[in-house]
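Numbered by the working numbering, the letters in the sequence shown go through residues 24 to 232 in order.
Ideal placement from N, C-alpha and C gives every residue a C-beta, glycine not left out.
Here the structure comes first, spelled out in structure tokens, and everything after it is commentary.
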Amino acid sequence: MALTKVTKGKGTHTTVTFTVGENEAPSVANVILLGDFNDWQTNDSSYRMEKKNGSYVKSIKLETGKRYEFRYLSEDKGWFNDHAADAYVPSPYSGIDNSVVDLTALPAKKKPAVKKAAVKKSTAKAKNDDLKKIEGIGPKIASILTNQGIGTFAKLAGASVKTLEGILKEAGPRYTMHKPGSWPKQAKLAASGDWDKLKVLQDKLDGGK
24 MALTKVTKGK
34 GTHTTVTFTV
44 GENEAPSVAN
54 VILLGDFNDW
64 QTNDSSYRME
74 KKNGSYVKSI
84 KLETGKRYEF
94 RYLSEDKGWF
104 NDHAADAYVP
114 SPYSGIDNSV
124 VDLTALPAKK
134 KPAVKKAAVK
144 KSTAKAKNDD
154 LKKIEGIGPK
164 IASILTNQGI
174 GTFAKLAGAS
184 VKTLEGILKE
194 AGPRYTMHKP
204 GSWPKQAKLA
214 ASGDWDKLKV
224 LQDKLDGGK
């Protein structure tokens with residue numbers, strides 16, 4: 024296995040080539056590259072790796088200066104990691120790690136400076152609550168909810184369970200295992216500042232269920 028990174032000049036993107044050797048794949052079936060860069064969508068055929076001389080190869084452009092979690096999916100043998108990854112981090116599933124390709128050490132093109140007044144105005148407007156205080160919500164899901172316009176306890180309290188289930192389903196198969204049934208009730212207590220009542224409720228829950 025190998026990760027090859029090519030950044031031209033001071034470009035904002037790096038071309039990363041993912042390679043799984045002929046004897047490193049679990050079978051001869053097709054292999055799909057999945058990760059943060061394609062929202063882990065297993066039905067995205069554009070990330071199917073190409074077979075070249077027995078090996079599986081896929082090149083994609085990623086933004087320089089960021090870290091991306093990824094794994095490989097064999098169509099008949101399931102998930103497996105890259106032994107040449109830059110690092111490994113825990114996935115949402117207990118006992119399973121994701122591979123990491125790290126582009127933070129590469130030079131990223133500086134963006135034009137933004138006026139301080141504009142930054143302050145934008146920050147105040149985009150202030151959100153720490154949704155991770157809701158049992159069952161981790162950093163990834165908190166980010167997904169915020170991107171869907173549910174970034175405060177009040178908005179989460181007003182969201183229906185059906186709506187939350189739809190957001191998780193759209194985010195990909197790795198999130199459908201989470202059950203948001205108690206999230207609005209927890210968020211209502213958090214929004215009103217009833218932290219003691221929230222703790223009592225969370226003590227009765229198991230992973231937010």
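Specify the secondary structure class of Glu73 as computed by DSSP and reduced to three states.
As a first step, residue 73 must be located in the sequence shown, where it is residue number 50. Of the three classes helix, strand and coil, the one that applies to Glu73 here is strand, per DSSP.
Mind checking Trp206: buried by the 16 CB within 10 Å criterion, or exposed?
Against the sequence shown, residue 206 aligns to sequence position 183. Per the 10 Å Cβ criterion, buried.
If you drop the 5 nearest sequence neighbours on each side, which residues of the same chain put their C-beta closer than 6 Å to that of Lys144?
What you label residue 144 is simply residue 121 of the sequence shown in a count that begins at 1. Confidence is the limiting factor: at Lys144 the pLDDT is only 48, short of 50, which leaves the residue's position unreliable and the question unanswerable from this model.
Rounded C-alpha distance that separates Val51 from Glu158:
One-based indexing of the sequence shown puts residue 51 at position 28. One-based indexing of the sequence shown puts residue 158 at position 135. Roughly 41 Å between the two C-alpha positions.
So Ile164 and Tyr111 are in contact, right, with Cβ under 8 Å, and what is the actual spacing, rounded?
Walking along the sequence shown from the start, residue 164 turns up at place 141. Walking along the sequence shown from the start, residue 111 turns up at place 88. In fact, because the Cβ distance is near 21 Å, the residues do not count as touching under 8 Å.
For a test of the three-state rule: what should DSSP assign to Ser122, helix, strand or coil?
Position 99 of the sequence shown, counted from the start, is the residue given in the question as residue 122. Of the three classes helix, strand and coil, the one that applies to Ser122 here is strand, per DSSP.
Among Asp226, Pro196, Asn61, the one whose alpha carbon lies nearest that of Lys84:
Locating residue 84 in the sequence shown gives position 61, where the first residue counts as 1. Among Asp226, Pro196, Asn61, the Cα nearest to that of Lys84 belongs to Asn61.
From this set, Ser183, Lys28, Ser68, Glu47, which residue's C-alpha is nearest Ser82's C-alpha?
Here residue 82 refers to the residue found at position 59 of the sequence shown. It is Lys28.
Could you pull the start and end residues of the beta strand (DSSP E) that Ile55 belongs to?
Sequence index remark: in the sequence shown, residue 55 carries index 32 (1-based). First-last of the beta strand (DSSP E) with Ile55: 54-58.
Would you identify the three-state DSSP class for Glu92, choosing helix, strand or coil?
Numbered from its first residue, the sequence shown carries residue 92 at position 69. Three-state DSSP puts Glu92 in a strand.
Between the alpha carbons of Ala168 and Asn76, how many angstroms are there, rounded?
Within the sequence shown, numbered from 1, the residue matching residue 168 stands at position 145. Within the sequence shown, numbered from 1, the residue matching residue 76 stands at position 53. Contrary to the premise, residue 168 reads as Leu rather than Ala in this sequence. C-alpha separation (whole angstroms): 43 Å.
Do you know how far the Cα of Gly174 is from the Cα of Thr146?
Taking the first residue of the sequence shown as position 1, residue 146 is located at position 123. Taking the first residue of the sequence shown as position 1, residue 174 is located at position 151. Interpretation of Thr146 is limited by its pLDDT of 44, a score under 50 that renders its predicted location unreliable; the figure taken from the coordinates is listed afterwards. Looking at the two C-alpha atoms, the distance is approximately 13 Å.
Can you tell me where the beta strand (DSSP E) with Ala25 in it begins and where it stops?
By 1-based counting over the sequence shown, the position of residue 25 is 2. Note, Ala25: beta strand (DSSP E), 25-29.
Tell me whether Thr38 sits in a helix, a strand or coil according to DSSP, three-state version.
Counted from its first residue, the sequence shown places residue 38 at position 15. Reduced to three states, the DSSP call for Thr38 is strand.
Please state whether the Cβ-Cβ distance between Asn121 and Glu98 is less than 8 Å.
In the sequence shown, counting from the first residue as 1, residue 121 sits at position 98. In the sequence shown, counting from the first residue as 1, residue 98 sits at position 75. Against a cut-off of 8 Å, the Cβ pair of Glu98 and Asn121 comes out as no contact.
Exposure label - Ala128; buried when at least 16 CB within 10 Å:
Mapped onto the sequence shown, residue 128 falls at position 105. Exposed: under 16 other Cβ atoms inside 10 Å.
Quick check on the DSSP output: the beta strand (DSSP E) that includes Ser166 runs from which residue to which?
As a working note, residue 166 is residue 143 in the sequence shown. Counting along the chain, Ser166 falls outside any beta strand (DSSP E), though it belongs to the alpha helix (DSSP H) covering 162-170.
Under three-state DSSP, which class holds Ala214?
Translated into positions along the sequence shown, residue 214 becomes position 191. It is helical.
Tell me which residue opens and which closes the alpha helix (DSSP H) that Val184 is part of.
For the purposes of this step, residue 184 is taken as residue 161 along the sequence shown, with counting starting at 1. 184-194 is the extent of the alpha helix (DSSP H) around Val184.
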